[in-house]
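First the structure, in the form of C-alpha cells, and then the observations on it.
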Amino acid sequence: MDLKRLDTFAKEMIFEAGRRIRNAFSYDIKIETKTNANDLVTNIDRETELFFIEKINAFDPTHKILGEEGMGEHVDSLDGVVWIIDPIDGTMNFVKQHRHFMITVGLYVDGIGKLGYIFDVMREDLFYAVAGEGAWYNDSPMRKLQPLKIDEAVIGINASWVTPNPKINHEKLIKLINTVRGTRSYGSAAMEIAFVVSGKLDAYISMRLAPWDIGGGVVIAKEVGAIATNLSGNSFDFLSTDTFLIANPYIHRQLLENYIEEK
Ligand code: IPD
Ligand code: CA
Ligand code: CA
Numbered sequence: 202m203d204l205k206r207l208d209t210f211a212k213e214m215i216f217e218a219g220r221r222i223r224n225a226f227s228y229d230i231k232i233e234t235k236t237n238a239n240d241l242v243t244n245i246d247r248e249t250e251l252f253f254i255e256k257i258n259a260f261d262p263t264h265k266i267l268g269e270e271g272m273g274e275h276v277d278s279l280d281g282v283v284w285i286i287d288p289i290d291g292t293m294n295f296v297k298q299h300r301h302f303m304i305t306v307g308l309y310v311d312g313i314g315k316l317g318y319i320f321d322v323m324r325e326d327l328f329y330a331v332a333g334e335g336a337w338y339n340d341s342p343m344r345k346l347q348p349l350k351i352d353e354a355v356i357g358i359n360a361s362w363v364t365p366n367p368k369i370n371h372e373k374l375i376k377l378i379n380t381v382r383g384t385r386s387y388g389s390a391a392m393e394i395a396f397v398v399s400g401k402l403d404a405y406i407s408m409r410l411a412p413w414d415i416g417g418g419v420v421i422a423k424e425v426g427a428i429a430t431n432l433s434g435n436s437f438d439f440l441s442t443d444t445f446l447i448a449n450p451y452i453h454r455q456l457l458e459n460y461i462e463e464k
C-alpha cells in the first residue's frame, strides 16, 4: 500500500473540503436536527461528506467510507480499506460560532489505523500522522508527550458529567476537577483530541463518541504516545458508539483507576 500517495491524496481532499466549507458562510446554511433538538446537521455537513465520497470513489472504488451522515454505503466491518470521516465535527460551533469545528479523517486497513487527520477549518491548521512514521502539526513534527503529574494536567471535559447523571459517578469527577490545574470544553471531540496529542490538553473524557469522531485522532495519538481507550480501559469499539478517554500516557491509568467510575 502506497501510504505516501494516499497521504497526498487525503491532504488535497481535506484542504479542498475546507475551502468549500469556508465559502459556505457566504450563502445560506440550512440547519436541521437529528436525534434530538441539540443534535444539529446542516446541508454543508452532507455536501462535504458527499464531496469526500465522490473523490474517494474516483480514486479507488474498492475503498469503503464510514461517514457520520451515512451518505455512502452501509459499512459493517473494517475489512479492507476503510475511510472513517466526520465532514464537520462540532456542527454546533460551525452554526453558532463560525469557528472551532474540524474535518477529521482516518484511513484504516483491515482495522489498523494508517493515516489520521484533524483539520481546523477556519484556522487552516492540520494535525496529522502516518502510522509508524510520526505525527505533524502543519509542517512541524510533533514530539512524544512528556511526563506530567495529575495536578499539573489540564483536561477536556463537558460540564454535564460533573452534575448528577445516569452514566458516570460525578462525585469522583468533582474530585478530579479539584485536583487538576484546569478544565476546558471546546465542543468538538476532534479538536479536543488534537489538543491532547499536541500537549495543549492532557486528557479528554467523553461518555459517548462515534467512530468518525475519533478515527483520525487515534492514529495521531499512537504516534505521540497518547493512550486512547474506552472508559473500561479497552480499545474503542469502531463499529458502534462507545465511551472514550484519551490522555497523556503518564496519567491515563491514574485517571481510570482513581477518578472514573461508570454506573
Ligand atoms: C459532536 C462533537 C461534540 C461531542 C459530541 C459529538 P458533531 O460531533 O464532537 O463535541 O461532544 O459527542 O457528536 O455532531 O458536531 O459531529
Ligand atoms: Ca459531524
Ligand atoms: Ca462528530
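Numbering (the numbering used here), first residue to last: 202 to 464.
Positions of the beta carbon are idealized from the N, C-alpha and C atoms, including for glycine.
On the criterion of 16 or more Cβ atoms from any shown chain inside 10 Å, does residue i qualify as buried, or is it exposed?
i	result
Ile351	buried
Pro412	buried
Phe445	buried
Phe226	exposed
Gly333	exposed
Ala218	buried
Gly291	buried
Asp259	First, the amino acid is wrong: residue 259 is Ala here, not Asp. Per the 10 Å Cβ criterion, exposed.
Ile313	exposed
Glu233	exposed
Asp229	exposed
Asp403	buried
In angstroms, rounded to a whole number, what distance separates the CA positions of residue i and residue j?
i	j	result
Ile415	Leu207	19 Å
Asp246	Val306	14 Å
Val296	Met272	21 Å
Ile215	Val283	16 Å
Tyr460	Phe396	21 Å
Ala427	Ala448	6 Å
Ser436	Ile285	17 Å
Glu270	Asn431	23 Å
Pro257	Thr209	In the sequence under discussion, the amino acid at residue 257 is Ile, which differs from the Pro named in the question. Roughly 13 Å between the two C-alpha positions.
Phe252	His299	21 Å
One question on the structure: do residue i and residue j come within less than 9 Å of each other, judged by their Cβ atoms?
i	j	result
Ile406	Leu327	no
Gly400	Arg344	yes
Thr384	Arg409	no
Glu274	Lys265	yes
Ile394	Ala422	yes
Met303	Ala391	yes
Tyr318	Lys212	yes
Tyr369	Glu463	At residue 369 the sequence reads Ile, which differs from the Tyr that was named. Contact: yes.
Glu248	Arg221	yes
Val322	Arg223	yes
Ala354	Val420	no
Lys231	Asn244	yes
Measure from the alpha carbon of residue i to the alpha carbon of each residue in the options, then state which is nearest.
i	options	result
Phe320	Met408, Tyr228, Pro288, Arg382	Pro288
Leu204	Asn370, Glu269, Leu316, Val306	Leu316
Pro365	Asp277, Ile215, Met214, Ile375	Ile375
Thr380	Asp229, Leu440, Ser433, Ile452	Ile452
Pro450	Ser433, Ala429, Phe437, Ser436	Ala429
Asp311	Asp403, Leu440, Asn459	Leu440
Ile356	Val331, Leu349, Arg382	Arg382
Gly388	Glu213, His301, Ile421	His301
Ser433	Val420, Glu458, Gly417	Glu458
Glu325	Tyr338, Pro342, Gly314	Tyr338
Val425	Asn431, Gly418, Val398	Val398
Gly417	Gln347, Pro367, Pro342, Ala336	Ala336
Ser386	Phe253, Ile358, Asp438	Ile358
Considering only heavy atoms of ligand 5, does any lie closer than 8 Å to the CB of residue i?
i	result
Ala391	The model depicted lacks ligand 5 and carries ligand 1, ligand 2 and ligand 3 instead.
Report yes or no: is there a C-beta of chain B within less than 9 Å of the C-beta of residue i?
i	result
Asn366	Among the chains in the structure shown there is no chain B, since it carries only a single protein chain.
Q.
Can you confirm whether the region 238–253 touches the region 274–282 when touching is taken to mean that 3 or more C-beta pairs between the two stretches lie within less than 8 Å?
A. At 8 Å Cβ cutoff, the stretches do not touch.
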